[in-house]
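Taken in order, these protein sequences are the chains called H and P.
Residues in the first sequence are numbered from 1 upward in steps of one, following our numbering.
Residues in the second sequence are numbered from 185 upward in steps of one, following our numbering.
Working notes, beginning with the structure itself.
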Amino acid sequence: MNEAPSSSFRENLIKEIPNLRAFAASLSGSMQTADDLVQDTLLKAWGHSEKFAEGTNLRAWLFTILRNTYYSMYRRRGREVQDTDGIYSSKVAVQGNQESAIDLADFRIALAKLPEEQREVLIMVGATGLSYEEAAEICNVAVGTIKSRINRARNKLAELLDIKGPSDLGPDSASFAVVQASNA
Amino acid sequence: MQQNNFDGIAMNHAMNEANMDLPDLDARTKGLLGRALQSHYDDLINAPIPDRFLVLLAQLEAKETGDE
């Protein structure tokens, strides 16, 4: 006998929809694919609600379903590296965030260039508030592997965005090297 | 990627991944990347949610009730 999911389960699912969409869009690069993924995830979560252990992290459980669905059903469609269906179009022009010296559009292009296994982990731990341990469980790898992937992801982003180093040398670093060489 | 031939290979793979670690980035770069990542994600989080999801969940719940 299947026990019907409770109304509170439904309410909690609704609360997770923004996060599920954001994660799915980050994975797939397409909001349309993201919405299909979220729909599949909600259907599966509803159908298997008895498998969710009360008191554990619902977000982590849903991410596991969404991620498995993506890798088994959607990935072969090929990821759109560019922002083809206008996920961000409304925001890109408006972003004038002084806190961040990185242009958001540049950042998104760099993020899309990361290997999937690095991008998903960076998003989970760096943006959604999941712990290393939860990310490790979702991806079915060791915690050390998660830490390693995040470090690689950061290094790759820094390289792509040309921001590596304690102070941003930018274009001057090349001429600095020339000066050093000529002084030698 | 074939990773499950036997445990030894899987373990080697995991160790290789750890051993080839790049140096930890400086705090400033990590801060910049962290803030950019958060801005990127916040935009997605704050995007309006299509009605289809609420409709779907309402239908699923109505179906459960109807089945009683």
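Backbone N, C-alpha and C fix where the C-beta goes; we use that ideal spot for every residue, glycine too.
In chain H, which residues lie with their C-beta within 7 Å of the C-beta of residue i?
| i | result |
| --- | --- |
| Q222(P) | A127 |
| G250(P) | Under the 7 Å cutoff, chain H gives no residues; its nearest Cβ is about 11 Å from G250(P). |
| A246(P) | Ordered by position in chain H, no residue passes the 7 Å Cβ test against A246(P), which lies about 11 Å from the chain. |
Leaving aside the five residues before and after residue i along the sequence, list all residues of the same chain whose C-beta is less than 7 Å from its C-beta, in chain order.
| i | result |
| --- | --- |
| S28(H) | A34, L37, Y70, Y74 and R79 |
| F23(H) | F63, L66, I123 and T128 |
Is there a Cβ of chain P sitting closer than 7 Å to that of residue i, yes or no?
| i | result |
| --- | --- |
| F52(H) | no |
| A22(H) | yes |
| N155(H) | yes |
| F63(H) | no |
| L58(H) | no |
| I138(H) | no |
| I146(H) | no |
| P115(H) | no |
Between residue i and residue j, is the Cβ-Cβ spacing less than 7 Å?
| i | j | result |
| --- | --- | --- |
| I163(H) | L221(P) | no |
| A4(H) | E248(P) | yes |
| G110(H) | M124(H) | The sequence as given places Ala at residue 110(H); Gly does not occur at that position. In this structure, M124(H) does not lie closer than 7 Å to A110(H) by Cβ. |
| L66(H) | S223(P) | no |
| L114(H) | A153(H) | yes |
Using a cut-off of 8 Å between C-beta atoms, extract the partners of residue i located in chain H.
| i | result |
| --- | --- |
| D208(P) | N151 |
So which residues of chain P does residue i contact, with C-beta pairs closer than 9 Å?
| i | result |
| --- | --- |
| R10(H) | L241, A242, L244 and E245 |
| S72(H) | Per Cβ cutoff of 9 Å: no residues; S72(H) is ~16 Å from chain P at best. |
| K164(H) | L209, D210 and T213 |
I'd like the list of long-range same chain contacts for residue i, defined as Cβ closer than 8 Å, with 5 residues on each side in sequence excluded.
| i | result |
| --- | --- |
| E137(H) | A60 and T64 |
| I102(H) | L161 and I163 |
| K44(H) | I65 and T69 |
Starting from the C-beta of residue i, find all residues in its chain whose C-beta is less than 6 Å away, skip the five residues before and the five after it, and write them out in chain order.
| i | result |
| --- | --- |
| L244(P) | none |
| F52(H) | W61 |
Could you work out which residues of chain P lie near residue i, taking near to mean beta carbons separated by less than 7 Å?
| i | result |
| --- | --- |
| L104(H) | A220, S223 and H224 |
| R108(H) | H224 |
| S49(H) | Per Cβ cutoff of 7 Å: no residues; S49(H) is ~10 Å from chain P at best. |
Along chain P, in chain order, which residues have C-beta atoms closer than 8 Å to that of residue i?
| i | result |
| --- | --- |
| L13(H) | L241 |
Any chance the CB of residue i is under 6 Å from a heavy atom of the ligand COA?
| i | result |
| --- | --- |
| L66(H) | Summarising the ligand content, the structure contains no ligands, and the ligand COA is consequently not present. |
Examine chain B for any beta-carbon lying closer than 7 Å to the beta-carbon of residue i, and answer yes or no.
| i | result |
| --- | --- |
| A101(H) | Absent from the structure is chain B; the protein chains it does hold are H and P. |
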